[in-house]
Amino acid sequence: MKIFNGIFNGFTLAEVLITLGIIGVVASMTLPTIKQKLDERSNISMLKKFYTEFANATNLIIADYGQPENWGLKDNDAASSQQVMDLYKQRLNMTRICEEGDSSCFAFPVCKYNGVTKITDSEYRSWQLKSFILNNGVTVFFDVNDGWFSVFFDVNGKKKPNRLGNDVFAWAVNGKGKIVSHSDETISGSGANEKEYDYAFEIMENSWTKKY
224 MKIFNGIFNG FTLAEVLITL GIIGVVASMT LPTIKQKLDE RSNISMLKKF
274 YTEFANATNL IIADYGQPEN WGLKDNDAAS SQQVMDLYKQ RLNMTRICEE
324 GDSSCFAFPV CKYNGVTKIT DSEYRSWQLK SFILNNGVTV FFDVNDGWFS
374 VFFDVNGKKK PNRLGNDVFA WAVNGKGKIV SHSDETISGS GANEKEYDYA
424 FEIMENSWTK KY
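Following this line, the structure appears as structure tokens:
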């Protein structure tokens, strides 16, 4: 027991083992919390970076092609989905594109913040949407509506937990080209008023901190 000389001097072996056991228990309780906080900071950092990158790309597109309300976008329309994809493909660094019905670019199921399943793999594939992976690992798919579109993205790629408000977020681009929450009054139709998609804006409005 020379290894403990000077550290546990005067303690019995049993007392040393009990102390080490207590240290182990405390570590097992605190390390997951520390990891969770580190993951949270990393995810928020990626969220902020993607917002900046996406906003810049959107502004460039609007400068060249006008506002989305003038693009002729239609809900459940393959041509509209392709149009949005083509516009952003020119301005975002995509390393892989998954065609309609291919869910391999995005991790499913996507769950609500409480862990209940929100979007299944089969449900996503039935929507016939395209998705893509950026060079920084962020995975994205668009859901086009009449005159506006939703953006869903996973900031840590296909790593778990794949939960809304944790690593999966969403926002909408309204007809004027403004990035808004899904509760915003300027959008309507499929996906509008889905408060579960508003976590990104909660973080942004709280100076890029998670308070929920």
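Mapping the sequence shown onto my numbering, position 129 (from 1) lands on 352, and the numbers just tick up by one. For every residue, glycine included, the Cβ atom is placed at its ideal position computed from N, Cα and C. All figures in this text were calculated on a predicted structure; none of them were measured in a lab.
Paired residues, beta bridge with V403 - DSSP: A395
Can you give me the start and stop residues for the alpha helix (DSSP H) that K312 sits inside? Counting along the chain, the alpha helix (DSSP H) containing K312 begins and ends at A301 to K312.
Mapping DSSP to helix, strand and coil, what is L296? coil
Contacts around R348, its chain only, beta-carbon distance under 7 angstroms, and the 5 residues preceding and following it disregarded: G324 and S326
Assign D366 to one of three DSSP states: helix, strand, or coil. strand
The alpha helix (DSSP H) enclosing D344, as first and last residue numbers: D344 to S349
Secondary structure at I410, three-state DSSP: helix, strand or coil? coil
Per DSSP, G331 forms a beta bridge with which residues? In the sequence under discussion, the amino acid at residue 331 is Phe, which differs from the Gly named in the question. F331 pairs with nothing; no bridge assigned.
Taking buried to mean at least 16 other C-beta atoms within 10 Å of its own C-beta, is N429 buried or exposed? exposed
Exposed or buried, what is L240 when buried is set at 16 or more other beta-carbons lying within 10 Å of its beta-carbon? exposed
Give a yes or no on whether the C-beta atoms belonging to A395 and I410 are separated by under 9 angstroms. Yes, these two residues count as a Cβ contact at 9 angstroms.
Do the stretch 357 to 364 and the stretch 403 to 420 make contact, defined as three or more Cβ pairs closer than 8 angstroms? Contact between the stretch 357 to 364 and the stretch 403 to 420 is absent, because fewer than three Cβ pairs lie under 8 angstroms.
Would you please state the rounded distance, in angstroms, between the beta carbons of V391 and F277? I believe it to be under 8 angstroms. That pair is no contact at about 15 angstroms.
Please list the terminal residues of the continuous alpha helix (DSSP H) segment that includes A423. Y422 to E428
Determine contact between the stretch 339 to 346 and the stretch 311 to 325, defined as no fewer than three beta-carbon pairs at a distance below 8 angstroms. no
Considering only DSSP beta bridges, list what M317 is partnered with. L357
Among the candidates L352, N299, L296 and K272, whose CA atom is the shortest distance from the CA of L315? K272
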